[in-house]
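Heads up: the structure comes next, in structure tokens.
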Amino acid sequence: MGRSNLQIMAGEQRIKKVNELLKREFGKIILKEIGFPKNILVTLTRVETSGNLQQSKVFISVIPEKETLNVLRILGKEIYNLQQILNRRLAMRPVPKIKFLIETKIKEAARIEELLEKIEKEEGK
Numbered sequence: 395m396g397r398s399n400l401q402i403m404a405g406e407q408r409i410k411k412v413n414e415l416l417k418r419e420f421g422k423i424i425l426k427e428i429g430f431p432k433n434i435l436v437t438l439t440r441v442e443t444s445g446n447l448q449q450s451k452v453f454i455s456v457i458p459e460k461e462t463l464n465v466l467r468i469l470g471k472e473i474y475n476l477q478q479i480l481n482r483r484l485a486m487r488p489v490p491k492i493k494f495l496i497e498t499k500i501k502e503a504a505r506i507e508e509l510l511e512k513i514e515k516e517e518g519k
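Be aware that the sequence shown starts at 395, since it is given in this note's numbering, and climbs by one per residue.
See the structure below:
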């Protein structure tokens, strides 16, 4: 038998809360545990957790952008340690397995905005 709309909505709300919790806790952990090189800003932009709570994609943005691969390398080396800290901090089971990804939506939105402004200027001529 299929799930009711109420069950689906409750599941979506739970995932949303898990995403917010993971973003907040993981942000604290990274700030405290990872020593990024000077003049690099790393921002956790969003977290997307699978419906079965097995995996969470943690999206990051890096400034300057040319340091993105370096930051991913650093996070990759520390993933086991970061996952263990997260496991101890959270009173939920299972704790999703973390995977770091580069945030692309912000760049896409900026590019769309840039194109819209260009069109607007050309129509104004």
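All residues carry an ideal CB built from backbone N, CA and C; glycine is no exception.
Three-state secondary structure assigned by DSSP to residue i
i	result
K491	strand
M395	In this prediction, M395 scores a pLDDT of 47, lower than 50, which makes its location untrustworthy; the coordinate-derived value is nonetheless stated afterwards. If DSSP states are grouped into helix, strand and coil, M395 belongs with coil.
Q449	strand
8 Å Cβ cutoff met for residue i and residue j
i	j	result
K451	L495	yes
T443	L469	no
S455	E427	no
F453	R440	yes
I492	I513	no
Rounded Cβ spacing between residue i and residue j (contact assumed at less than 8 Å)
i	j	result
E419	L476	Their Cβ separation, rounded to whole angstroms, is 11 Å, which puts E419 and L476 out of contact at 8 Å.
Any contact between the region 411-428 and the region 447-457? By contact I mean 3 or more CB pairs, one from each, below 8 Å.
Below 8 Å, enough C-beta pairs join the region 411-428 and the region 447-457 to call them touching: three or more.
**Message:** Assess contact between the region 454-474 and the region 432-440, defined as three or more Cβ pairs (one per stretch) separated by less than 8 Å. Is contact present?
**Reply:** Contact holds: three or more Cβ-Cβ distances are below 8 Å.
request  = Write down every uninterrupted run of the beta strand (DSSP E) in the region 416-485 whose length is 3 residues or greater and which is fully enclosed by it, in chain order.
outcome  = DSSP runs (the beta strand (DSSP E)) wholly in the region 416-485: 435-443 and 449-457.
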